[in-house]
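Beneath this line is the structure, given in structure tokens, with notes to follow.
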Amino acid sequence: MKGRDIQRHLLTGVSYFIPFVVAGGILIALGFLFGGIYVFNDTNLAAQIFWIGKDAFGVMVGVLAAYIAYSIADRPAIAVGFVGGMVANRIGAGFIGGLLAGFLAGYVVLYMKKINLPQSIRSLMPVLFIPVFGTLIVGLVTFYVIGPPAAWLNTAFANLLNNLSVSGTIIISLVLGAMMAFDMGGPVNKAAYAFALAASDNNNWVPMAAVMVGGMVPPLSIALAMLVAKNKFTEDERGGLAGCFIGAATYITEFAIPYAAADPLRVIPSLMVGSAVGSLVSYLAGVSLMAPHGGLFVFALANKPLMWILSIIIGGVVGAAVLVAVKPKLSEEEISKKGDKKVGLDLG
Amino acid sequence: MKIVAITACAAGIAHTYMAAEAVKKAAREAGDEIKIEIQGAMGIENRLKQSDIDDAELIIFAVNISVRDRDRFSDKNPILIDPGEFISNPNKSLEKAKNSLLPKHRSL
Numbered sequence: 001m002k003g004r005d006i007q008r009h010l011l012t013g014v015s016y017f018i019p020f021v022v023a024g025g026i027l028i029a030l031g032f033l034f035g036g037i038y039v040f041n042d043t044n045l046a047a048q049i050f051w052i053g054k055d056a057f058g059v060m061v062g063v064l065a066a067y068i069a070y071s072i073a074d075r076p077a078i079a080v081g082f083v084g085g086m087v088a089n090r091i092g093a094g095f096i097g098g099l100l101a102g103f104l105a106g107y108v109v110l111y112m113k114k115i116n117l118p119q120s121i122r123s124l125m126p127v128l129f130i131p132v133f134g135t136l137i138v139g140l141v142t143f144y145v146i147g148p149p150a151a152w153l154n155t156a157f158a159n160l161l162n163n164l165s166v167s168g169t170i171i172i173s174l175v176l177g178a179m180m181a182f183d184m185g186g187p188v189n190k191a192a193y194a195f196a197l198a199a200s201d202n203n204n205w206v207p208m209a210a211v212m213v214g215g216m217v218p219p220l221s222i223a224l225a226m227l228v229a230k231n232k233f234t235e236d237e238r239g240g241l242a243g244c245f246i247g248a249a250t251y252i253t254e255f256a257i258p259y260a261a262a263d264p265l266r267v268i269p270s271l272m273v274g275s276a277v278g279s280l281v282s283y284l285a286g287v288s289l290m291a292p293h294g295g296l297f298v299f300a301l302a303n304k305p306l307m308w309i310l311s312i313i314i315g316g317v318v319g320a321a322v323l324v325a326v327k328p329k330l331s332e333e334e335i336s337k338k339g340d341k342k343v344g345l346d347l348g
Numbered sequence: 349m350k351i352v353a354i355t356a357c358a359a360g361i362a363h364t365y366m367a368a369e370a371v372k373k374a375a376r377e378a379g380d381e382i383k384i385e386i387q388g389a390m391g392i393e394n395r396l397k398q399s400d401i402d403d404a405e406l407i408i409f410a411v412n413i414s415v416r417d418r419d420r421f422s423d424k425n426p427i428l429i430d431p432g433e434f435i436s437n438p439n440k441s442l443e444k445a446k447n448s449l450l451p452k453h454r455s456l
């Protein structure tokens, strides 16, 4: 098993996990918004919205584990991974425990699939042996072996984040922001996002706010730079202006990729600076955002909505300023030249 | 050359589609016949027929997550390329995929 495989399994798990976090985070926040801070004591509609969100959160670690396992050993691993993840969740091993349970389930099932049974009972493997013994093994190992250290790590992680010194805050927010802009939707970006997810699993939504700023800044920086320095972008590139604003508003960092691909050494570092500054402002201001996706559409769910938007704007302006400073002027010819590399997004 | 490709990424909303565009563009420029299945956040779009898969001379997985319904390719030799790489360098990546096939052809 290579590092690349592990990363692929992890990303597969995260890709199925994200909708649950989005549903849970936003519905819980809406519950608070409509029902006040003691919404969980009520039985009204706002309370129901809150509890539906809670239910989504209740299964999310299971889903993460289920689809990591699925990525490794396909269909029969889903149930085993799911239950393993729920065990991890129950004993407070959270995101980290679920992740480990998922890998364990995947490899246990992969191994069980290779056991050679006589033809007559072979069909019992997926319908009986894997669900029963696979789940039992994974459940026990998760409970006794993986669980305790993972639960400890989880608590340590939560305590660390909740008691950060100012310098620690600065470092973490700068790194998170820079990672978000580094590959714009790729594995490094997803690693920063996973960090914020892990923190939110411990009910700390400050990193999530900072990370979303870091993801929204790159397309915004490019859009602003194109507005003020028309002569530093080709006509082709400037055609994507509206797309960049949409990307910034909807938190789809990928809109910035064509620009980064055309001039990576200047564009990526500039965007990283912008995102890092944006995340820093958001983090230092203590903005917390209980919505793991949605961009501007979820600004009302932040504890300090205006401060959050301000940090996006600050990041965008800083990124644009650096970009304009380092990008060379293009000649008339270059400006009208059709790019050969550009791959546009047909979303806008 | 008859090529089939699958694109997918973790979020399934942007890289997935951009990689599909990149594969299509590179294949057209190289004069190849291309069919692309997109495995995004909305599910599988443009699902490949088994006959397309069986007839393909080159199978590209431009993915960084696991491919859904992988068993359709059980006896095949798909070439795995990161979608980000494909988006940045479509033509070069296609070339690389074709080159990865060479050793197998030589042994035939």
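First to last, the protein sequences are chains A and B. Quick note: the first sequence uses this note's numbering, first residue 1, plus one each step. Quick note: the second sequence uses this note's numbering, first residue 349, plus one each step. Even for Gly, the Cβ is constructed at its ideal location relative to N, Cα and C. Please read all numbers here as calculations on a predicted model, not as lab measurements.
Distances from the CA of Glu-405 of chain B to each of B:Pro-431, B:Leu-449, B:Ile-354 were compared; the closest alpha carbon is that of B:Leu-449. The beta carbon of Ala-229 of chain A sits closer than 6 Å to the beta carbons of Val-324 from its chain, once the five residues preceding and following it are set aside; these are given in chain order.
Taking 9 Å as the threshold, the shortest C-beta distance from Lys-114 of chain A to chain B does not fall below it. Between the C-alpha atoms of Ala-389 of chain B and Val-371 of chain B there is a straight-line separation of about 19 Å. Chain B has a Cβ within less than 9 Å of the Cβ of Tyr-70 of chain A. Nearest to Ser-282 of chain A by C-alpha distance, out of A:Leu-271, A:Gly-315, A:Ile-257, is A:Gly-315.
A direct Cα-Cα distance of roughly 7 Å separates Trp-205 of chain A from Ala-199 of chain A. By a beta-carbon distance limit of 8 Å, Ile-401 of chain B does not contact Ala-353 of chain B. Their separation comes to about 11 Å.
With respect to the 9 Å criterion, Ile-386 of chain B and Ile-407 of chain B are not classified as neighbours on the basis of their beta carbons.
For a Cβ distance threshold of 7 Å, residue set Ile-413, Ser-414 of chain B lies close to Thr-12 of chain A, ordered along the chain. Per the coordinates, the alpha-carbon of Thr-355 of chain B lies some 14 Å from the alpha-carbon of Ala-375 of chain B.
When A:Val-80, A:Lys-329, A:Leu-104, A:Ser-311 are compared, the shortest CA-CA separation from Ala-276 of chain A is found for A:Ser-311. DSSP lists B:Val-411 as the bridge partner or partners of Ala-356 of chain B.
When DSSP states are grouped into helix, strand and coil, Ala-181 of chain A belongs to the helix group. Segment contact: the segment 132 to 151 of chain A against the segment 81 to 89 of chain A, three or more CB-CB distances shorter than 8 Å; contact assigned. Under the three-state reduction of DSSP output, Gly-295 of chain A falls in the helix class. In this structure, Ala-65 of chain A places its C-beta atom within 9 Å of the C-beta atom of Gly-13 of chain A. Annotated three-state conformation of Glu-385 of chain B is strand, per DSSP. Exclusion of the five residues before and after Met-272 of chain A leaves Ala-178, Ala-181, Phe-182 as the residues of its chain whose Cβ lies within less than 7 Å of its Cβ.
Rounded to the nearest whole angstrom, the CA to CA distance from Phe-245 of chain A to Ala-223 of chain A is 6 Å.
For Ser-436 of chain B, the residues of chain A that pass the 7 Å Cβ criterion are Ala-261, in the order they occur in the chain. Per DSSP, Ile-68 of chain A lies in no beta strand (DSSP E); the unbroken alpha helix (DSSP H) holding it starts and ends at 45 to 73.
Identification of chain B residues near Lys-232 of chain A by a Cβ-Cβ cut-off of 9 Å yields none; the smallest Cβ-Cβ distance measures about 20 Å. In terms of Cβ geometry, Phe-255 of chain A and Gly-243 of chain A form a close pair [threshold 9 Å]. Within the segment 120 to 190 of chain A, the complete alpha helix (DSSP H) segments at least 4 residues long are 135 to 141, 147 to 162, 166 to 182, listed from N- to C-terminus.
DSSP, reduced to helix, strand and coil, places Ile-351 of chain B within a strand of the structure shown. Contact of Pro-126 of chain A with chain B by beta-carbon distance below 7 Å is absent, the smallest such distance being about 13 Å. Fewer than three pairs of CB atoms, one per stretch, sit closer than 8 Å, so the segment 92 to 100 of chain A makes no contact with the segment 38 to 58 of chain A. Among the CB atoms of chain A, none fall inside 9 Å of the CB of Asp-423 of chain B.
Closest option to Ala-291 of chain A, judged by alpha-carbon separation, among A:Arg-4, A:Ile-26, A:Ser-15: A:Ile-26. DSSP places Ile-252 of chain A in the coil class of the three-state scheme, outside both helix and strand. Of all residues in the segment 253 to 285 of chain A, only Glu-254, Ile-257, Ala-261 come within less than 7 Å of chain B when Cβ atoms are compared, listed by chain position.
At least 9 Å separates the CB of Arg-395 of chain B from every CB of chain A. By the rule that beta-carbons nearer than 9 Å mark a contact, Gln-7 of chain A touches chain B. In the three-state scheme derived from DSSP, where H, G and I count as helix and E and B as strand, Ile-427 of chain B is classed as strand.
Note on Asn-394 of chain B: under 16 other CB atoms within 10 angstroms of its CB, so exposed under the neighbour-count rule.
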